[in-house]
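Note that UniProt numbering has the sequence shown beginning at 1, numbered continuously upward.
All C-beta atoms in this analysis are idealised placements derived from N, C-alpha and C, irrespective of residue type, glycine included.
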Amino acid sequence: MNSNNKVLVFVLSVTSVYLGLSFFSKNIIEYYPSFKNVNLFADIQNDKSVKTDKENTKKKTNSLVNKTQKLDSTFTIFDSYQTTNITDFDNDSKNFVFQNLSSKLDELYQNKKAKIRIAWFGDSQIEGDLMTQDIREMLQNYFNKKKGVGFVPINSISSDFRQTATSKTSGSFETFNFKQNPEKNVFLSGYSFLSSDLDITLRNNIKKDSTQILEKWLLFGKGNDITITQNGVQTNYHASEAFNRVLLDRSTANSIHFKAQFANTPIYGISFEPENGIVLDNFSFRGITGIELNKISIELLQKLNQENYYDLVVFQYGVNLMFRPNDLNYDYYYEKMSPIIKKFKKEMPKTDFLIFSCSDRAFKYDNEWKTAIGIDSLIKVQARLSYDNKVPFITFLIL
1 MNSNNKVLVF
11 VLSVTSVYLG
21 LSFFSKNIIE
31 YYPSFKNVNL
41 FADIQNDKSV
51 KTDKENTKKK
61 TNSLVNKTQK
71 LDSTFTIFDS
81 YQTTNITDFD
91 NDSKNFVFQN
101 LSSKLDELYQ
111 NKKAKIRIAW
121 FGDSQIEGDL
131 MTQDIREMLQ
141 NYFNKKKGVG
151 FVPINSISSD
161 FRQTATSKTS
171 GSFETFNFKQ
181 NPEKNVFLSG
191 YSFLSSDLDI
201 TLRNNIKKDS
211 TQILEKWLLF
221 GKGNDITITQ
231 NGVQTNYHAS
241 EAFNRVLLDR
251 STANSIHFKA
261 QFANTPIYGI
271 SFEPENGIVL
281 DNFSFRGITG
291 IELNKISIEL
301 LQKLNQENYY
311 DLVVFQYGVN
321 LMFRPNDLNY
331 DYYYEKMSPI
341 IKKFKKEMPK
351 TDFLIFSCSD
361 RAFKYDNEWK
371 TAIGIDSLIK
381 VQARLSYDNK
391 VPFITFLIL
């Protein structure tokens, strides 16, 4: 075959592939959105077909939300989620939104000695203590100015860039998390660790008064006794409960160093706490949607409730659900997430709960970056989760 024929065959082959991709572009776009730019017929496409696509898009909106809104006689209450306030969906109640939390808040406001613990769950939006570090600072400054970073895991993928805490380890250890062997008694952070001999140094980097006492509590799970060596003194601690904690240090120091032997008992981390005030724990886990919380054991939640450990639990998820630009139906998320919220509420009745909506997420539509077209549908589903499970709700976006 001469060179001219080779060129002709090549051009015809490429053109055929281009035509094929253009012809089936609508089918391909659904799974590979970037193919929207591969369409030889775009300039001659009939406007009528475009309108039909838009009509079909409307039909794909959340059937669950649409259905419940039509059947719900109190839809005006549900619709109130579109405000900048925390919405509790209780039209008749004149009480404080967080009734279990209100008495402790009042004590702190009156400069009484009380400790409020907040567990803040989220994805990479709060990874490295992003956002939660500002909320913690505002709350601690507002009440008694007693500082402390709260929970710091033994190890974390965000250790290198987290500014509010640092962790260093020497020795080998096993890591278990939501995605790898979650049956190994993972903590609320989604992680647990095992080691026969580990040297651990953790530090609270939040600025505080040099005279302020900072408590360092070791948190660990159920198993055999663990051995802690600190300042040359070796101590054994029982690990008979699903959640155990021991006070390793109470001083003005910002860091703690110890050696641990816990080959058969999961250790979670250290909680840096003021003697009284606000403690806000950041429980971020990259790439999840909240559904993974079903891997947290009932036994752990029951023990936390027994100790009245957390006063408020916050769920902040959603961004990882919007991984396709044209998704509009999130009914499946409601079906999977609702039982998890029910589980937490059932096992932790002494704790108040709050659901944050997803934050903004942008995709390219017609070569222009815009807010995801399905974000309103997702926020409505999250509001419905709050409404049906009687959990207060707050949205980042006013639709």
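{"Asked": "Status (buried if at least 16 other CB within 10 Å, exposed otherwise) for I298", "Found": "exposed"}
{"Asked": "Straight-line Cα distance separating L105 from F393", "Found": "19 Å"}
{"Asked": "Rounded distance between the beta-carbons of F283 and G148, thought under 8 Å", "Found": "Not confirmed; about 16 Å, so no contact."}
{"Asked": "Assumed close pair D123, I288 - CB separation to whole angstroms, cut-off 8 Å", "Found": "6 Å"}
{"Asked": "Distance, H238 Cα to M138 Cα", "Found": "37 Å"}
{"Asked": "Option in N329, I341, T351, P325 with minimal Cα separation from D366", "Found": "P325"}
{"Asked": "Alpha-carbon spacing of R162 relative to N264, whole angstroms", "Found": "29 Å"}
{"Asked": "Closest residue to L354 among F315, G150, S240 (Cα-Cα distance)", "Found": "F315"}
{"Asked": "Host beta strand (DSSP E) of S210 (start-end)", "Found": "Careful: S210 lies outside any beta strand (DSSP E) and carries neither H nor E."}
{"Asked": "Given S210 as reference, the closest of G269, L247, T252 once Cα atoms are compared", "Found": "T252"}
{"Asked": "Neighbourhood of E107 by C-beta, 7 Å cutoff - its chain only, sequence neighbours within 5 removed", "Found": "A114"}
{"Asked": "Member of L385, K303, E347 whose CA lies at the smallest distance from the CA of D331", "Found": "L385"}
{"Asked": "Runs of alpha helix (DSSP H) lying entirely within the segment 320-370, each at least 4 residues, in chain order", "Found": "331-347"}
{"Asked": "Three-pair Cβ contact test at 8 Å for the segment 168-177 versus the segment 211-219", "Found": "no"}
{"Asked": "Simplified DSSP assignment, three categories, for K51", "Found": "Its pLDDT being 40, under 50, K51 is placed unreliably in this model, and the value from its coordinates should be taken loosely. Helix, per DSSP."}
{"Asked": "Residues sharing a beta bridge with Q261, DSSP", "Found": "T227"}
{"Asked": "Alpha helix (DSSP H) runs wholly inside the segment 285-318, at least 4 long, in chain order", "Found": "298-306"}
{"Asked": "Whether V313 touches F344 by CB criterion (8 Å)", "Found": "yes"}
{"Asked": "Sheet register partners of I256 (DSSP bridge)", "Found": "L202"}
{"Asked": "Close-in-space but distant-in-sequence residues of the same chain around L219 (CB under 8 Å, 5 per side omitted)", "Found": "F151, F187, F243, N244, R245, I267, Y268, G269, I270, S271"}
{"Asked": "Continuous beta strand (DSSP E) stretch holding T235: start and end", "Found": "233-237"}
{"Asked": "Residue(s) in a DSSP beta bridge with E273", "Found": "E215"}
{"Asked": "C-alpha distance - Q99 paired with W369, whole-angstrom precision", "Found": "42 Å"}
{"Asked": "Whole-Å CB distance - A165 paired with N205, under 8 Å assumed", "Found": "6 Å"}
{"Asked": "Top-ranked residue by Cα proximity to D160, from E127, R250, S170, N144", "Found": "E127"}
{"Asked": "Residue from E241, G221, K295, H257 with nearest C-alpha to G232", "Found": "H257"}
{"Asked": "Distance CB(I86)-CB(I154) smaller than 8 Å", "Found": "no"}
{"Asked": "Rounded Cβ spacing between R203 and S255 (contact assumed at less than 8 Å)", "Found": "4 Å"}
{"Asked": "Distance between beta carbons of S359 and V319, contact taken as under 8 Å", "Found": "6 Å"}
{"Asked": "Top-ranked residue by Cα proximity to L301, from D249, S189, K390", "Found": "S189"}
{"Asked": "The beta strand (DSSP E) enclosing T166, as first and last residue numbers", "Found": "165-170"}
{"Asked": "Proximal residues to F396 (C-beta, below 8 Å), its chain only, five neighbours per side dropped", "Found": "F356, S357, C358, S359, D360"}
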